[in-house]
Amino acid sequence: MFENLSERLDRSFKLLKGEGKITEINVAETLKDVRRALLDADVNYKVAKQFTDTVKEKALGQNVLTSVKPSQLMVKIVHDELATLMGGETAEINLQGNPSIILMSGLQGSGKTTFTGKLANMLKTKKGKKPLLVAADVYRPAAIQQLHVLGEQIGVPVYSEPENKNPVDIALNAIKEAKTKGNDLVIVDTAGRLAIDEQMMQEIAAIKKAIQPDETLFVVDAMTGQDAVNTAKEFNDRLDFNGVILTKLDGDTRGGAALSIRTVVDKPIKFVGTGEKMDAIDVFHPSRMADRILGMGDIVSLVERAQEQYDEEEAKRLQKKIAKNQFDFNDFIGQIQQIKKMGNLKELASMIPGVGKAMKDIDIDDNAFKNIEAIIYSMTQAERTNPEILNGSRRQRIAKGSGTTVQEVNKLIKQFDETRKMMRMMTAAKPGMKKLPNMKRR
Ligand SMILES: Nc1nc2c(ncn2[C@@H]2O[C@H](COP(=O)(O)OP(=O)(O)OP(=O)(O)O)[C@@H](O)[C@H]2O)c(=O)[nH]1
Ligand SMILES: [Mg+2]
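All residue numbers for the sequence shown refer to the numbering used here, where the first residue is 17 and numbers rise by one.
Here you go:
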């Protein structure tokens, strides 16, 4: 899978091997190569451009880590961006309903029927579900038969009405049947067409409207590259599906679909199919897929460790300042910026000793930070490093400058003082106070 892309990326990193530091000049050639590799892997050109732009920005903004080489750092950045490109987080399938209803969609031969079987098999064995499969492909008698064969193979019942030509009714009847028989999962397999056509779209949209599925999944053959992305877009415009299934990833796909779909339709890839057998299904993990594409897991973890170490050095520096009671508003705002970079503010703020506690009464959202930042930025350098000089008139000036009130300024200064006190107490109580939480740069 993706061998060619892996090789090409590998080669592009070699360009940086001899360099001491990432600069605009020496990174340009590498990025050009990365971009070409992506385009050759059939990645959408806009996606490829955006990708290399982001990588460049991140590479130039990186802290200099003495323990890793620029080429290694590039590997890590490209790895993380590949994962982000493919959606970042692993996307779960929604099985809330009872029965949960899943609707399959996709072109002819994309692998809908096969995947219907695979998914039922997986949810049955791993989640203890009791699935009912529905043959709503009414055009080919062989299609109904195919689903029955698969059902038999995995020991899952199949609902079909060979005489009925109305897929909407069949699907509705199947859901009724599931309710009476106690099946908690209904997967509806539908008919595909050779190309997008209006009739097929109307039919699948009508089924969706009638059965109100918890999940509408779009199945696409990964080997079709750019076409896969275009088809996904058209289906998404009509169906607003919840997730993508990439099949035939075991073939000699160049990877373009896997890498572009998320950006183009903004829907996650949820599963991949890697063979014709019923167990050839995998949950899609963007980060692991990035590992596989780059095939450089060791370098990625090496850089991660170095970054952690860097964070520790930064933490030690802070710790020294705290001990000497020199923790100032510059450090305070530095911490806030770190938190903001990491996202999920509420959770993260609580991880920072002192700061989390001092902020516990504030509703932590971006606005809360905006005011704090505005206030601190309205201070002079002298005031930031030496908060003791913040008398009444200075506070009034700061409130005006930051568009806040004196009360807000007072409150922040009070919180800052408390934070400082608390931090000192903690360092005094535990001379070997551990590092502050990891501030990973992403
Ligand atoms: N190698 C490989 N083959 C697959 C995979 N998924 C499906 N296939 C094969 O692709 C062919 C088409 O799969 P189907 O599941 O029948 O596709 P479909 O979307 O239901 O097709 P229609 O019902 O005609 O619309 C079959 O020969 C499958 O065995 C996969 O992940 N890997
Ligand atoms: Mg089928």
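Think of the CB as a built atom: it goes at the ideal place given N, C-alpha and C, for glycine as much as any other residue. Fair warning: this is a prediction, and the values are worked out from it, not measured in the lab.
Could you pull the start and end residues of the alpha helix (DSSP H) that residue i belongs to?
i: E177; result: Premise fails: E177 is in no alpha helix (DSSP H) and is neither H nor E.
i: I117; result: Run containing I117: none in the alpha helix (DSSP H); it sits in the beta strand (DSSP E), S116 to G122.
i: E250; result: Q242 to L255
i: D213; result: Where D213 is concerned, there is no enclosing alpha helix (DSSP H), given that its DSSP letter is neither H nor E.
i: P403; result: Where P403 is concerned, there is no enclosing alpha helix (DSSP H), given that its DSSP letter is neither H nor E.
i: Y61; result: Y61 to L76
i: A306; result: P302 to L310
i: D49; result: E40 to D56
i: S87; result: P86 to L101
In the DSSP output, which residue or residues are listed as bridge partners for residue i?
i: V150; result: Y175 and V204
Apply the 10 Å Cβ neighbour rule to residue i and answer buried if 16 or more other Cβ atoms are within range, or exposed otherwise.
i: S121; result: buried
i: E165; result: It is worth fixing the name first, because residue 165 is Val in this sequence and not Glu. By the 10 Å Cβ count, V165 comes out exposed.
i: E399; result: buried
i: T232; result: buried
i: Q397; result: exposed
i: D256; result: exposed
i: Q162; result: buried
i: T290; result: buried
i: P178; result: exposed
i: G127; result: buried
i: P157; result: exposed
i: I212; result: exposed
i: Q169; result: exposed
i: L210; result: exposed
i: D69; result: exposed
i: K332; result: exposed
i: L76; result: exposed
i: R51; result: buried
i: T206; result: buried
i: A53; result: buried
i: R436; result: buried
i: R180; result: Correcting the residue identity first, residue 180 is Asn in this sequence and not Arg. Per the 10 Å Cβ criterion, exposed.
i: A159; result: buried
On the DSSP letters alone, give me the boundaries of the beta strand (DSSP E) that residue i sits inside.
i: T263; result: G259 to T263
i: F287; result: I285 to G289
i: D237; result: E231 to D237
i: I297; result: I297 to V299
Give the DSSP-derived three-state secondary structure of residue i in the structure shown.
i: T279; result: helix
i: L163; result: helix
i: F343; result: coil
i: F432; result: helix
i: R24; result: helix
i: D327; result: helix
i: I189; result: Rather than Ile, the amino acid found at residue 189 in this sequence is Asn. N189 falls in the helix class under three-state DSSP.
i: G198; result: coil
i: I388; result: helix
i: G359; result: Residue confidence is low: G359 scores 49 on pLDDT, short of 50, so the model does not pin down where it sits. No coordinate-derived value is stated.
i: S394; result: coil
i: K140; result: helix
i: L111; result: coil
i: M439; result: helix
i: L334; result: helix
i: E105; result: coil
i: E292; result: coil
i: T269; result: coil
Residues in the same chain with beta-carbon distance under 6 Å from residue i, minus the five sequence neighbours each way, listed in chain order, please.
i: I392; result: F345 and I349
i: F29; result: S87, M90 and V91
i: Q353; result: none
i: N360; result: Bear in mind that a pLDDT of 49 at N360, under 50, signals an unreliable position, so the number given afterwards is only what the model happens to contain. Same-chain partners within the cutoff: there are none.
i: A244; result: V236 and A273
i: G408; result: none
i: Y155; result: A207
i: H301; result: T106
i: P284; result: G103, A107 and G259
i: K450; result: Its pLDDT being 46, under 50, K450 is placed unreliably in this model, and the coordinates cannot settle the point.
Using C-beta distances below 8 Å, list every residue in its chain close to residue i, excluding the 5 sequence neighbours before and after it, in chain order.
i: R270; result: F18, N20, L21, D56, A57, D58 and G241
i: L148; result: P115, V172, P173, V174, Y175, A190, E193, A194, K197, N199, L201, V202 and I203
i: P447; result: Note on P447: pLDDT 48, under 50, position unreliable in the model; no value is reported.
i: G125; result: G208 and D237
Measuring only between beta-carbons, confirm whether residue i sits less than 9 Å from chain D.
i: K142; result: In the structure shown, chain D cannot be found, because there is only a single protein chain.
Can you list, in chain order, the residues of its chain whose CB lies under 7 Å from that of residue i, leaving out five sequence neighbours each side?
i: R410; result: E399
i: I414; result: I391, S394, M395 and V425
i: N387; result: T420 and E424
i: T247; result: L123, I212 and V236
i: A187; result: V150, A152, V204, I223, A226 and I227
Confirm the yes/no value for this check: CB of residue i, any heavy atom of ligand 4, distance under 8 Å.
i: G104; result: As presented, the structure is devoid of ligand 4, carrying ligand 1 and ligand 2 as its sole ligands.
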